[in-house]
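Participant: Numbering-wise (the working numbering), the sequence shown opens with residue 1 and increments by one.
C-beta atoms are modelled at their ideal positions from N, C-alpha and C, and glycine is treated no differently.
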Amino acid sequence: MKILFLNHDGGGFADHIEIEPGTTVETLFRSRLKGTDPQDSLIRVNRQPVTAGQLLQEGDRVSITPRKIEGAALA
Numbered sequence: 001m002k003i004l005f006l007n008h009d010g011g012g013f014a015d016h017i018e019i020e021p022g023t024t025v026e027t028l029f030r031s032r033l034k035g036t037d038p039q040d041s042l043i044r045v046n047r048q049p050v051t052a053g054q055l056l057q058e059g060d061r062v063s064i065t066p067r068k069i070e071g072a073a074l075a
């Protein structure tokens, strides 16, 4: 099935990708962002915050944004 995957880490990108039915948010995260902890990111499906166990569905819009930006200084 096809979803829209938006990754706002670094340069960011958006792409329609194919995933297997039964794929969870955590499975997608770990396959796309190896070596990154899901707790360090804000993950939304269809613009709503979700849990790691959320099952993805055809046409979902998945957005991943880091909670901490490397090198950012306090104002």
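Across which residues does DSSP place N7 in a beta bridge pair?
Facilitator: N7 pairs with F13 and I64.
Participant: For V45, which beta-bridge partners are listed by DSSP?
Facilitator: DSSP lists Q48 and V62 as partners of V45.
Participant: Strictly by DSSP, which residues pair up with K2?
Facilitator: Answer is E18.
Participant: Suppose you measure from the CA of K2 to the CA of R47; what does that come to, to the nearest Å?
Facilitator: Straight-line Cα distance between these residues: approximately 17 Å.
Participant: Find the nearest neighbour of P22 within the set T65, Q57 and S63, judged by alpha-carbon distance.
Facilitator: The residue you asked about is not Pro; residue 22 is Gly in the sequence shown. Here the closest residue by C-alpha is Q57.
Participant: Using the beta-carbon count (16 or more within 10 Å), is I64 buried or exposed?
Facilitator: I64 comes out buried.
Participant: On a CA-only basis, which of R30, K34, R67 and D60 is nearest A52? Give me that one, please.
Facilitator: If we check each option's Cα against that of A52, R30 comes out closest.
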